[in-house]
Every structure is written in structure tokens, then in C-alpha cells.
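Going by the working numbering, the sequence shown runs without a break in its numbering and finishes at 102.
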Amino acid sequence: MYAVIETGGKQYRVEQGDVIEVELMERSSHNEVTFDRVLMIGGDAPQVGRPTVSGAQVTGEVVKPMRGPKIRVFKKKRRKGYKRLNGHRQNLLRVRIDKIEA
1 MYAVIETGGK QYRVEQGDVI EVELMERSSH NEVTFDRVLM IGGDAPQVGR PTVSGAQVTG
61 EVVKPMRGPK IRVFKKKRRK GYKRLNGHRQ NLLRVRIDKI EA
């Protein structure tokens, strides 16, 4: 069985035992994360939500908080002498999916 969840403005297709990297989010306990926005549950009898599947929930365990790769943001206006360089690293959570409840 698999599920499609939404968190941080992105959608992820997850199965039990998968390890995914999601944007840093509020969590109820230190090691457990609950995803309530389940858009679809697939398998033998798929369920598609409108927009979410009611009563469905995906829980996972936080493996470790981490940071994503560095992204360089460069702005330039030609012939004006204007240049700006910025960097950005997104805070992420690495999560192992424990169970999918329909």
C-alpha cells in the first residue's frame, strides 16, 4: 500500500519503510511526525481524496534534522555595475515512514 501526502507545498509518494526529506515543520513530539494531508491511498482498493482522504493519516519517525545543498542566487543588470550574490540552505527533516492508516 502507498500514499500520496502533501507537506511544505510539495507532494510525496510514500510507502511503509521509505525515507524522505521534507521541509522543516512543527512536530508534536521529538521523534514522531504525523502527516494529515493525505491526498490518495493506493493499493488493491485505491481511495482518492477531494481534496484529502478523510480519516487518513501517515506517521513517521524523524531520522535526523539536516540542511539541504547550498543554492547560489546571483542577480545582475548588464552595463550598470549591479551585482548581488546570495546563498541559501533549506532546513530539512529526514523522515522514515512507519505506518499508513486509511
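Virtual Cβ for every residue (Gly too), placed ideally from N, Cα, C.
Fair warning: this is a prediction, and the values are worked out from it, not measured in the lab.
Environment of residue i [buried if 16+ CB atoms lie within 10 Å]
i: A56; result: buried
i: G17; result: exposed
i: F82; result: Strictly speaking, residue 82 in this sequence is Tyr, with Phe absent from that position. Exposed is the call here.
i: V14; result: buried
Span separating the alpha-carbon of residue i from that of residue j
i: D44; j: E61; result: 26 angstroms
i: K80; j: G9; result: 37 angstroms
i: P51; j: M1; result: 19 angstroms
i: R37; j: Q47; result: 13 angstroms
i: N91; j: K77; result: 30 angstroms
i: R84; j: M66; result: 27 angstroms
i: E27; j: P69; result: It is worth fixing the name first, because residue 27 is Arg in this sequence and not Glu. Cα to Cα, the separation comes out at about 23 angstroms.
i: S29; j: G87; result: 31 angstroms
i: V95; j: G49; result: 23 angstroms
i: T34; j: A102; result: 13 angstroms
i: R89; j: I100; result: 30 angstroms
i: M25; j: L93; result: 8 angstroms
Nearest-angstrom Cβ-Cβ length linking residue i and residue j, presumed shorter than 8 angstroms
i: V73; j: V19; result: With a Cβ gap of about 29 angstroms, V73 and V19 do not count as contacting.
i: I71; j: V53; result: The Cβ separation is near 34 angstroms, so there is no contact.
i: T59; j: E21; result: That belief does not hold up - the Cβ atoms of T59 and E21 are roughly 17 angstroms apart, past 8 angstroms.
Contacts around residue i, its chain only, beta-carbon distance under 6 angstroms, and the 5 residues preceding and following it disregarded
i: E23; result: G8
Residues near residue i by beta carbon distance below 8 angstroms, same chain, minus five either side
i: Q11; result: V4, I5 and L39
i: D98; result: Q16, T59, G60 and E61
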